[in-house]
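Novice:
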Amino acid sequence: MLKKSLIENNAIKLNQQADNWQDAIKIAVDMLISAGCAEERYLENIVKGIKEHGPYIILAPGLAMPHARPEDGVIKSGFSLVTFKHPVYFEGEDSPVYMMIALAGSDANAHMEGLVEITQVLDDPESETGVNIDKFRQCQTEQDVLRVLDTALV
1 MLKKSLIENN
11 AIKLNQQADN
21 WQDAIKIAVD
31 MLISAGCAEE
41 RYLENIVKGI
51 KEHGPYIILA
61 PGLAMPHARP
71 EDGVIKSGFS
81 LVTFKHPVYF
91 EGEDSPVYMM
101 IALAGSDANA
111 HMEGLVEITQ
121 VLDDPESETG
131 VNIDKFRQCQ
141 TEQDVLRVLD
151 TALV
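Here the sequence shown stands for residues 1 to 154, where the numbers follow the working numbering.
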């Protein structure tokens, strides 16, 4: 689902610049909005959720998954993937974020399936944190990202 969604929605951006975490999330979620996966209010609801509850979207050191509830503006399930040239910091978090995989889950099942697939793709038992985003950070083209996904999803 992840790879197919990224291709169909033209939802990969690499080495992006973001002045703050809000700009970083906008880059990731705007691709979902452009692809018809989410309404504009989805972005607003994600930012509101982080301001109210803290950076719940950080899944592991270096990785964030911007998302909100299906009723917060999801039209259909989809993913976007963004890497950042410079780290993005969230208030109250010491670890910077270098990569985001935004998720629009149309229902609870799609949301959980998305989380499982992202975990599978990024799982690296040899990494100190158990998650390796470096392989994605090294990608220079969309094709590089798709090759990494193919390797991870075998």
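Using N, Cα and C, we set each Cβ at its ideal position, and we do this for glycine too.
Predicted model, so just to flag it, every value in this text is computed and none were measured.
Judging by CA-CA distance, which residue of 152, 104, 1 and 20 is the nearest neighbour of residue 85?
Specialist: That would be 20, whose Cα lies nearest to the Cα of residue 85.
Novice: Would the beta-carbon of residue 98 fall within 7 Å of that of residue 62?
Specialist: A contact, by the Cβ cut-off of 7 Å.
Novice: Give, in chain order, every unbroken run of the beta strand (DSSP E) that is at least 3 residues long and sits entirely within the segment 2-40.
Specialist: With a minimum length of 3 residues, the continuous beta strand (DSSP E) runs that stay inside the segment 2-40 are 12-16.
Novice: What's the C-alpha gap between residue 149 and residue 3?
Specialist: Roughly 7 Å between the two C-alpha positions.
Novice: For residue 117, I'd like the list of residues in its chain whose CB is within less than 7 Å of its CB, leaving aside the five on either flank, ordered along the chain.
Specialist: If we look at residue 117 and ignore the five residues flanking it on each side, its Cβ neighbours are 1 and 2.
Novice: Roughly how far, in whole angstroms, is the beta-carbon of residue 92 from the beta-carbon of residue 38, given that I think they are within contact range, below 8 Å?
Specialist: Residue 92 to residue 38, Cβ: 26 Å. No contact.
Novice: Going straight from the alpha carbon of residue 51 to that of residue 18, what length do you get?
Specialist: Going from the Cα of residue 51 to the Cα of residue 18 covers about 18 Å.
Novice: What is the residue span of the alpha helix (DSSP H) that residue 136 lies within?
Specialist: Run containing residue 136: 134-137, per the alpha helix (DSSP H) assignment.
Novice: In chain order, what residues of the same chain lie with their CB nearer than 7 Å to the CB of residue 26, ignoring the 5 residues before and after it?
Specialist: Once the five neighbours on either side are set aside, the close Cβ partners of residue 26 are 43.
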